[in-house]
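Here the structure comes first, spelled out in structure tokens, and everything after it is commentary.
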Amino acid sequence: MLKIEAVLQPSKLDAVKDALLEAGIEGMTILEARGHGRQKGHTEFYRGREYTVDLLPKVKIELVLHDDMKEKAIQAIIGAARTGRIGDGKIFVSRVDEAIRIRNDERGETAL
Amino acid sequence: MSIHARRLSLLPALAVFSAAALAQTPAAVSGSAPATQAQIAALQQAVQNAQSAGDNAWMLTSAALVLLMTGPGLALFYGGLVRKKNILGTMMQSFAMMGLVTILWAICGYSLAFGHGNMFVGGFEHVFLRGVSLTPNPDYAATIPEQTYMVYQLMFAIITPALITGAFAERMKFSAMAVFLSLWSLFVYCPMAHMVWGVGGLLNATAGHIPSLDFAGGTVVHVTSGVSALVTCIYLGKRIGYPQTNMPPHSMVLSFIGACLLWVGWFGFNAGSALGASPLATSAFINTHFAAAAAALGWTVAEWIHNGKPTALGAISGCVAGLVAITPASGFVQPFSALLIGVVAGAFCSFMVFEVKSRLGYDDSLDAFGVHGAGGTLGALLTGLFATRAINAIYGNGVATGAIDGHWGQELHQLAGVGIAWGISIVGTLILLFVVDKVIGLRVTPEQESAGLDLSQHGEEGYDLNS
């Protein structure tokens, strides 16, 4: 079992969700996040002085899936979220030890 | 309907009565004359009552508008500008003034401001509002109950200390603020109000030794609160993390709503200072509106040039600056003078806030000095320049009012009024801050400041959006 975490632009959330559903992935958790990569953010004005705002709004999607769904999920996300500009985001993949369905105690891949 | 129209419309009625009386036989004439006299007297009383009704209606409305300026106008304006963790603490400071100052005013504030005393402060003749009834007090306003006048002035007394809270936002103890501002309203506001508006006041326009023109409180309200704000923010010190940490407004939406309520409420503040539903009230109303609009534009343009973008914060700050500057001038100047005063105030106050504040480094958190202190001072001086007998012949028919009429000496009087306001504010505020600090302690602890006033002072959270 794998966990895929994708940090995205908030404006891309709907497109990515739709692409994942089309790829057959139905379960996901969506979080509101703030952050930045190497570009450090934008400037705002307050009382005539310029400030750097480096905590930009982001959206994070978490998916836990079968190993063989990995490439399909990654391609769905990239296809929907890529613009080619700074701020597109990142995807991280990690292993998951256990998955349990709370409703009926199912464990392992059938719980996904 | 103006008073003239009312009187003219009664002429036909009077003519009929007179004609009827003259047509009678001599014996009948002397018999009916007293009845006619009685009728004329009754009509005159009715005319007076009608004028009083119009004036009282406008004055009560104005009093309500001025209270609206504090709650929720100022509460929202300031509340939106602070960080989320301090929203309730900030609003509570304005609200506390609504409660505390009312009680103090009723007990002795009105007497100290408007009772007979000496040149500097009133006396105790009206403590517990003794002698303040529903009959007019001709010293102040001959057509409205004195209680209307008292409650109208109360709303001014409420908002003045509330303005100061902007300077020490996010770092003063609620208890210390309550004590400090209560004492301030008695020892700084009441004497200043007496000097400018009270019977026998030093700066009173109609009878003082140094007649100073302050229609609705440029010196009494804005200079005193603004300068006291500066003194307080310097005494208290900067917020933790200022100026390196960015502390932007948590809700420009709330501040915007507050600013618009201030604009509308100011019609009561300025036009109500005509103390009646008169053409002078109309002049003040128009000047108020024109100055607000021109100043919003002035600040916005200045900022657009300076920073490349016109901010909402700049626009609403500009409109408040214009309203402040026109306050002393509102019942004295022509409408186009008001536009000019507005534009100048918008540009000047933006300069005070952008350049002077950052260069000198004081943490006047919500620009109480930059807008009210500086704007009020500017407004008082421009009043001396633009006040004209064409709008308000306060010194007598045909007598010059301000510099524009040729009376350049008025500018010296304005300077004196401004100087006294600065003086009493600096000295009074310093003494009170020192005393309250020694007895209670003014500033919250660093931990309380980090946690925010809402939690540390009130045990509450302003927003619990997940509940």
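If you read the protein sequences in the order shown, they are chains A and B.
The numbering of the first sequence is my numbering, which starts it at 8 and goes up by one.
The numbering of the second sequence is my numbering, which starts it at 0 and goes up by one.
Even for Gly, the Cβ is constructed at its ideal location relative to N, Cα and C.
All values reported here derive from a predicted model rather than from experimental measurement.
With 9 Å as the threshold, decide whether the Cβ of Thr59 (chain A) is near any Cβ in chain B.
Using a CB distance cut-off of 9 Å, Thr59 (chain A) counts as an interface residue toward chain B.
CB contact flag (Glu448 (chain B), Ile233 (chain B), <9 Å)
Going by beta carbons, Glu448 (chain B) and Ile233 (chain B) fall outside the 9 Å limit.
Let me know the secondary structure DSSP gives Ala140 (chain B) once reduced to three states.
Strand, per DSSP.
I want to see whether chain A comes within less than 9 Å of Lys172 (chain B), judged by CB atoms only; does it?
It does not: the Cβ of Lys172 (chain B) has no partner Cβ on chain A nearer than 9 Å.
Cα separation between Leu381 (chain B) and Gly405 (chain B)?
Inter-residue distance for Leu381 (chain B) and Gly405 (chain B) is about 14 Å (C-alpha atoms, whole angstroms).
At least 3 beta-carbon pairs within less than 8 Å: the segment 83-90 of chain A vs the segment 18-37 of chain A:
Taking 8 Å as the limit for Cβ pairs, the verdict is that the segment 18-37 of chain A does touch the segment 83-90 of chain A.
Closer than 6 Å by C-beta to Leu338 (chain B): which residues in its own chain qualify, once you throw out the five before and the five after it? Chain order, please.
Taking Leu338 (chain B) as the centre and dropping the five residues before and after it, the same chain places the C-beta of Phe289, Ala293 closer than 6 Å to its C-beta, in chain order.
Per-residue DSSP class, three states only, for Glu302 (chain B):
Helix, per DSSP.
With DSSP as the reference, label Gly108 (chain B) as helix, strand or coil.
Secondary structure of Gly108 (chain B) (DSSP, three-state): helix.
Those residues which DSSP pairs with Ser101 (chain A) across a bridge
DSSP lists A:Lys10 as partners of Ser101 (chain A).
Do we get a CB-CB distance below 9 Å when we pair Gly55 (chain A) with the residues of chain B?
It does; some Cβ of chain B falls within 9 Å.
Going by the DSSP bridge assignment, what does Leu70 (chain A) pair with across the sheet?
Under DSSP, the beta-bridge partners assigned to Leu70 (chain A) are A:Ile11.
Quick one: what's Ile107 (chain A) bridged to in DSSP?
Under DSSP, Ile107 (chain A) takes part in a beta bridge, and its partners are A:Arg114.
For Pro190 (chain B), collect the residues of the same chain with a Cβ closer than 6 Å to its Cβ; drop the 5 residues on either side in sequence, then sort them by chain order.
Beyond the five residues adjoining it in sequence on each side, Pro190 (chain B) comes within less than 6 Å, by CB distance, of Phe119, Val120 in the same chain, given in chain order.
Which class does Leu27 (chain A) belong to by DSSP, given the choice of helix, strand or coil?
Three-state result, Leu27 (chain A): helix.
Could you give the DSSP three-state label for Ser165 (chain B): helix, strand or coil?
Before going on, a small fix: residue 165 (chain B) reads as Gly here, not Ser. Three-state DSSP puts Gly165 (chain B) in coil, outside helix and strand.
Assuming Gln50 (chain B) contacts Thr142 (chain B) under a Cβ cut-off of 8 Å, what Cβ separation, rounded to an integer in Å, is found between them?
That belief holds up - the Cβ atoms of Gln50 (chain B) and Thr142 (chain B) are roughly 6 Å apart, short of 8 Å.
Span of the alpha helix (DSSP H) holding Thr223 (chain B)?
Residues 223-235.
Shorter than 9 Å from the beta carbon of Glu51 (chain A) to some beta carbon of chain B?
With 9 Å as the cut-off, Glu51 (chain A) counts as an interface residue toward chain B.
Locate the alpha helix (DSSP H) running through His249 (chain B), then write down its first and last residues.
Where His249 (chain B) is concerned, there is no enclosing alpha helix (DSSP H), given that its DSSP letter is neither H nor E.
Check the C-beta distance from Ser336 (chain B) over to Phe385 (chain B) and give it rounded, since I have them as a contact under 8 Å.
At roughly 4 Å, the Cβ-Cβ gap stays under 8 Å, so Ser336 (chain B) and Phe385 (chain B) are in contact.
Using the C-alpha atoms, what's the distance from Val60 (chain A) back to Leu128 (chain B)?
Cα to Cα, the separation comes out at about 55 Å.
Among B:Phe331, B:Gly313, B:Asp362, which residue has its Cα nearest to the Cα of Cys348 (chain B)?
Looking at the Cα atoms, B:Gly313 is the closest of the given residues.
Chain A within 9 Å of Lys308 (chain B), Cβ atoms only:
Chain A has a Cβ within less than 9 Å of the Cβ of Lys308 (chain B).
Coarse secondary structure for His193 (chain B), derived from DSSP in three states:
When DSSP states are grouped into helix, strand and coil, His193 (chain B) belongs to the helix group.
Lys356 (chain B) CB to nearest chain A CB: under 9 Å?
For Lys356 (chain B), a Cβ of chain A is located within less than 9 Å of the residue's own Cβ.
Do you know offhand how far Val198 (chain B)'s Cα is from Glu460 (chain B)'s?
About 47 Å.
Could you check whether Leu202 (chain B) and Thr218 (chain B) sit closer than 9 Å to each other, using their CB atoms as the reference points?
Yes, these two residues count as a Cβ contact at 9 Å.
Residues of its chain near Gly53 (chain B), where Cβ-Cβ distance is below 8 Å and the 5 sequence neighbours each way are ignored
Within the same chain, Gly275, Ala276 come within 8 Å of Gly53 (chain B) by CB-CB distance, once the 5 residues on both sides are set aside.
At a CB distance below 9 Å, what residues from the segment 242-266 of chain B approach chain A? Give them in sequence order.
Going along the segment 242-266 of chain B in chain order, one finds Pro242, Asn245, Met246, Pro247, Pro248 with a Cβ nearer than 9 Å to chain A.
Tell me the DSSP secondary structure of Lys172 (chain B) in three-state form.
Lys172 (chain B) falls in the coil class under three-state DSSP.
Distance between Arg56 (chain A) and Gln243 (chain B) (C-alpha atoms, nearest Å)
C-alpha of Gln243 (chain B) to C-alpha of Arg56 (chain A): approximately 11 Å in a straight line.
From A:His49, A:Ile109, A:Leu72, residue whose alpha carbon lies closest to that of Ala30 (chain A):
Among A:His49, A:Ile109, A:Leu72, the Cα nearest to that of Ala30 (chain A) belongs to A:Leu72.
Below 6 Å CB to CB, which residues in the same chain sit around Ala215 (chain B) once its five sequence neighbours on both sides are set aside?
Closer than 6 Å at the Cβ level, and outside the excluded window around Ala215 (chain B), lie Phe268, Asn269, Ser272, Thr326, Ser329.
By alpha-carbon positions, which one of B:Gly165, B:Trp104, B:Pro210, B:Ile304 ends up nearest to Gln152 (chain B)?
Of the listed residues, the one whose Cα sits closest to Gln152 (chain B) is B:Trp104.
Does the segment 250-262 of chain B touch the segment 72-80 of chain B, meaning 3 or more C-beta pairs lie closer than 8 Å?
Taking 8 Å as the limit for Cβ pairs, the verdict is that the segment 250-262 of chain B does touch the segment 72-80 of chain B.
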